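Right, one structure below, let's go through it.
Protein chains in written order, with the working numbering: chain D, 1 to 299; chain R, 1001 to 1299.
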């Protein structure tokens, strides 16, 4: 049985930043989020990759204890090509090849259906719904999304939103989805639609939590060695959900801690291309940076 | 004697935001910063206004206990006209009339020269230098600046920077001045030039402090009723310096507290046009919001 079922993309990323580039590197929302979650619990991913997908990449996930029995193989792998320029805050997408994801129908292995925690990573909201229908009795479900779905499948997206406990969304998307520049108003609008908690990701500026009428603001980690932010949002979400699954405590207080763990793992992710930095750290590194966050916040 | 000498503009602002507009309202960096500082200490301002400047505006400052003996009267008042659109994060300047500020030569009254704390608000760096030469033995000097001076008087600006203890700057300006998108690197570059502390203002995202090799991140206050952000950065700086002057403690630990007081007063400023909201609050309101900041940060 897996602790955390994750649906999302497993992809081949070609990324260029001012600090270097990689071609056809291991990427995708399910990859980053499951790897980040694996520091805390046993995740399983639902995704599809092509016949062209390097076996060594699947081995990287498998060796890490991530259940990949929900990864279908067929057709061509999803490919993304992106570029970060001077300011590094936003990727310019140069090319997207959906490949097998264009016709993907997620089917959950039996061992995933009892998962108590579910993360619907950024993917077509119809696929998010299909996954949600297959899990039996989840304790906590979180979803992520992106501007493409807000603009093209808003109705389906709102359908998913009504069924989840936590909405994870970045600041620009929150403003777009709820048609207000004010993030407090956006979060309040989201909560009226169903989720208990809204977590707004703000990149280098950290993250905000709105839950139980309370507000928490997590700082960004002061990274001097930012190399490639690809996957930081997914790593954040994965570590956050992994920590909640490990502690089995979805209280507001514990979600604050989960957000800091998410921020820590995301900060490591951004220090390297693909999984390079994340595969070089251990729980001790994570705990060390976690305690640095106390020093950054206290007054 | 004044506790805190401030040089900066006293102006007539015409501002339009999605929530209303004002014409020829009391504004300017010295106005906002001195009013914010007056909750904590006795500030005195050095500035110039025109013959056209409404006497009631000077009375507002005077009644508040702000020393205005350094305000020269002559010619025409500095006027600024600005517009905030949907996102409210940046003002569009529609018109600027420098008026008497074009030829202003700051002269400090005797009662200001012994001031232990000095705030050089955003103004021509040559005027900031002229003020600095007139104060006798300040304990702590802070400066603010803006993109216009970075682009047009960079050499003079760096001269001032070498002589101050605290650089206050917003994030976009820090990136521009130190030619890096990375705020940690920008802050480190600034500190190499002289100041002990760098405080980066990030608007709704809060503020960062870099000092003594330590890092502090203050959250933004979750404002649902943002009306007009004009003067928020100046109010932040004024309250911050006012609190340091009151406590006479320039330690890193105390500057963290000063930043939170600055954030609190700035958040009130943004809830109204001109000084409307700030003139309606008292120290109790400030302390209440200060303690809310603890709840926003703790994990």
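The beta-carbon is built from N, C-alpha and C at its ideal position, and this holds for glycine as well. Being a predicted model, the structure only gives us computed values, none of them experimental.
Top-ranked residue by Cα proximity to residue 1286/R, from 1033/R, 1010/R and 1039/R: 1039/R
is_contact[residue 1241/R, chain D] using C-beta, thresh 7 angstroms: no
Cβ separation of residue 108/D and residue 172/D, assumed to be a contact under 8 angstroms, to the nearest whole Å: No, residue 108/D and residue 172/D are not in contact; Cβ-Cβ is about 32 angstroms, not under 8 angstroms.
contact_flag[the region 266-273 of chain D, the region 223-241 of chain D] where n(CB pairs < 8 angstroms) is 3 or more: yes
Residue 124/D to residue 1181/R span [Cα, whole Å]: 33 angstroms
Minimum Cβ-Cβ distance from residue 86/D to chain R less than 7 angstroms: yes
Any alpha helix (DSSP H) of 4 or more consecutive residues that is wholly inside the region 132-191 of chain D: 147-152, 154-161 and 171-177
Sufficient close CB pairs (3 or more, under 8 angstroms) joining the region 1232-1247 of chain R to the region 1040-1047 of chain R: yes
Residue 1009/R at chain D interface by Cβ criterion, 7 angstroms: no
Other residues of its chain near residue 134/D: CB distance less than 7 angstroms, five sequence neighbours each side excluded: 108 and 113
Residues near residue 1161/R in its chain [Cβ-Cβ closer than 8 angstroms; skip 5 each side]: 1143, 1167, 1190, 1193, 1194 and 1195
Buried versus exposed call for residue 291/D [16 or more other C-beta atoms within 10 Å across all chains shown]: exposed
Contacts of residue 1217/R in chain D (Cβ-Cβ under 8 angstroms): 206, 219, 220, 222, 296 and 297
Exposed unless 16 or more other CB atoms sit within 10 angstroms - verdict on residue 165/D: buried
Inside the region 1092-1123 of chain R only - beta strand (DSSP E) runs reaching at least 3 residues: 1117-1120
Beta-carbon gap between residue 100/D and residue 65/D smaller than 7 angstroms: no
Selection from 79/D, 176/D, 140/D and 226/D that minimises the alpha carbon distance to residue 3/D: 140/D
Entirely enclosed alpha helix (DSSP H) segments - the region 1181-1253 of chain R, minimum 4 residues: 1183-1192 and 1232-1247
Meets three-Cβ-pair contact criterion under 8 angstroms: the region 1010-1018 of chain R and the region 1199-1215 of chain R: no
Proximal chain R residues relative to residue 182/D, where beta-carbon distance stays under 7 angstroms: 1224 and 1226
Under 7 angstroms by beta carbon: chain R residues contacting residue 385/D: In this structure chain D extends from 1 to 299, so residue 385/D is not present and cannot be described.
7 angstroms Cβ cutoff, residue 1260/R in contact with chain A: Of the protein chains in this structure, namely D and R, none is chain A.
Where residue 1029/R falls, given that 16 or more other Cβ within 10 Å makes a residue buried: buried
Neighbour flag for residue 256/D against chain R, beta carbons, 7 angstroms: yes
Whole-Å CB distance - residue 61/D paired with residue 34/D, under 8 angstroms assumed: 7 angstroms
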